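Residues in the sequence shown are numbered from 191 upward in steps of one, following the numbering used here. Every residue gets a Cβ at the ideal spot worked out from N, C-alpha and C, and that includes glycine. Small disclaimer: the values here were computed from a predicted structure and weren't measured.
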Amino acid sequence: MIARHAAPAPATARMPRILVVEDDALLADGLARGLAQAGFAVTLCARGELALAALRRGAMMDPSMRILIVEDDATLGSGLGRILQSEGYAVDLMARGEQAVQAVQRERFDLVILDVGLPDIDGFEVLRRLRGGAQRMPVLVLTARDTIDDRVHGLDLGADDYLAKPFAMPELAARVRALIRRSQAQSGPRIVHGPLALDTVARRAFLHEAPLDLAAREWAVLEVLLARVERVVSKESIIQAVASWGDELSANAIEVYVSRLRAKLEPAGIRIRTVRGFGYMLEEFRETH
Ligand code: CA
Numbered sequence: 191m192i193a194r195h196a197a198p199a200p201a202t203a204r205m206p207r208i209l210v211v212e213d214d215a216l217l218a219d220g221l222a223r224g225l226a227q228a229g230f231a232v233t234l235c236a237r238g239e240l241a242l243a244a245l246r247r248g249a250m251m252d253p254s255m256r257i258l259i260v261e262d263d264a265t266l267g268s269g270l271g272r273i274l275q276s277e278g279y280a281v282d283l284m285a286r287g288e289q290a291v292q293a294v295q296r297e298r299f300d301l302v303i304l305d306v307g308l309p310d311i312d313g314f315e316v317l318r319r320l321r322g323g324a325q326r327m328p329v330l331v332l333t334a335r336d337t338i339d340d341r342v343h344g345l346d347l348g349a350d351d352y353l354a355k356p357f358a359m360p361e362l363a364a365r366v367r368a369l370i371r372r373s374q375a376q377s378g379p380r381i382v383h384g385p386l387a388l389d390t391v392a393r394r395a396f397l398h399e400a401p402l403d404l405a406a407r408e409w410a411v412l413e414v415l416l417a418r419v420e421r422v423v424s425k426e427s428i429i430q431a432v433a434s435w436g437d438e439l440s441a442n443a444i445e446v447y448v449s450r451l452r453a454k455l456e457p458a459g460i461r462i463r464t465v466r467g468f469g470y471m472l473e474e475f476r477e478t479h
């Protein structure tokens, strides 16, 4: 049986997401592949109760943080993208203002980094349209013109922060973290699973309260599995949640991240089970002694 599920609210929709509730693993995997190829995001559940729980808890929402960079300087844009990806964010890069306005209306972004000087409409006009369309995600404005007038203008239009070029990448990364932390302040930031705790705002993991070193992609994979404990998650849907647009991420790469996670987590009794030809399941944590 396939349950179609529209994302909870248009503002949080990434792409149409379909929940497949099917306990035949082979059939479910075939469905997931077909739907993914047709452009849908797919979540698989093997048990009815778990599917209901997933819907109630809003687990159909993509857990990874997504940032839109609007910058027509290709070198700067891709440099920013790499830095932010290395911090664990999914990143989309666009060079034109109109394109960015349309993307934000269509998809969910947790933060927008917006250059002022763009080839079509300028960044201020983009900002005006975003706020006019009731888009409330944080916006960090970048400009070559460091004048008080520009700064005031941007803030008046609803920018949350302002950075003049040239800037240091670590400063940009720190501002991004601060903006996201501020906008997420209301939500419960910690996911706990036995001895493992994830601080979803600071993006830090702890095992028995000691900091656990995870690479950005390992973090993202773990976050997806943790949002669906005791449920089978297909490789396809892990790729969907972890990769950004135009990013080639193979099923083999996911296997590598999972095996690294296992090496770090299994000593603490946290198990990621392989469901052959299908995906993975983070098992319920049970004290062994
Ligand atoms: Ca520019």
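Going by the CB atoms, is the gap between residue j and residue i shorter than 8 Å?
| i | j | result |
| --- | --- | --- |
| residue 210 | residue 228 | no |
| residue 462 | residue 415 | yes |
| residue 456 | residue 420 | no |
| residue 288 | residue 312 | no |
| residue 280 | residue 296 | no |
| residue 401 | residue 393 | no |
Quick test of your reading: residue i and residue j, contact by CB under 8 Å. State the CB separation rounded to the nearest angstrom.
| i | j | result |
| --- | --- | --- |
| residue 365 | residue 330 | 6 Å |
| residue 301 | residue 328 | 5 Å |
| residue 139 | residue 469 | Outside the shown range of the chain, which is 191 to 479, sits residue 139, and nothing can be said about it. |
| residue 465 | residue 264 | Wrong, their Cβ atoms sit about 41 Å apart, outside the cutoff. |
| residue 260 | residue 284 | 5 Å |
| residue 308 | residue 332 | Not quite, the Cβ-Cβ distance comes to about 11 Å (not below 8 Å), so this is no contact. |
| residue 398 | residue 458 | 7 Å |
| residue 450 | residue 408 | 6 Å |
| residue 241 | residue 213 | Not really, about 11 Å apart at Cβ, beyond 8 Å. |
| residue 293 | residue 258 | 6 Å |
When burial is assigned at 16 or more other CB atoms within 10 Å of the CB, is residue i buried or exposed?
| i | result |
| --- | --- |
| residue 376 | Confidence at residue 376 is low in this model, with a pLDDT of 44, below 50, so its placement is unreliable and no value can be given for it. |
| residue 476 | exposed |
| residue 276 | exposed |
| residue 346 | exposed |
| residue 316 | buried |
| residue 472 | buried |
If you draw a straight line from the alpha carbon of residue i to that of residue j, how long is it in whole angstroms?
| i | j | result |
| --- | --- | --- |
| residue 286 | residue 273 | 21 Å |
| residue 396 | residue 387 | 5 Å |
| residue 303 | residue 208 | 30 Å |
| residue 439 | residue 431 | 11 Å |
| residue 350 | residue 369 | 8 Å |
| residue 318 | residue 355 | 22 Å |
| residue 441 | residue 344 | 43 Å |
| residue 226 | residue 426 | 8 Å |
| residue 290 | residue 266 | 17 Å |
| residue 371 | residue 389 | 11 Å |
Problem - Those runs of the beta strand (DSSP E) which lie wholly inside the segment 270–300 and span at least 3 residues - result: The qualifying runs are 280–284.
Handout entry: Runs of alpha helix (DSSP H) wholly within the segment 320–397 (minimum 4 residues, chain order)
Key = If we require 4 residues or more, the alpha helix (DSSP H) runs fully inside the segment 320–397 come out as 338–346 and 359–373.
Handout entry: Minimum length 4: unbroken alpha helix (DSSP H) runs contained in the segment 407–438
Key = As far as the segment 407–438 is concerned, its whole alpha helix (DSSP H) runs of at least 4 residues are 425–432.
Practice task
Could you tell me which uninterrupted beta strand (DSSP E) segments, each at least 3 residues in length, are contained entirely in the segment 440–467, listed from first to last along the chain?
Solution key: Within the segment 440–467, complete beta strand (DSSP E) segments of at least 3 residues are found at 462–465, given in chain order.
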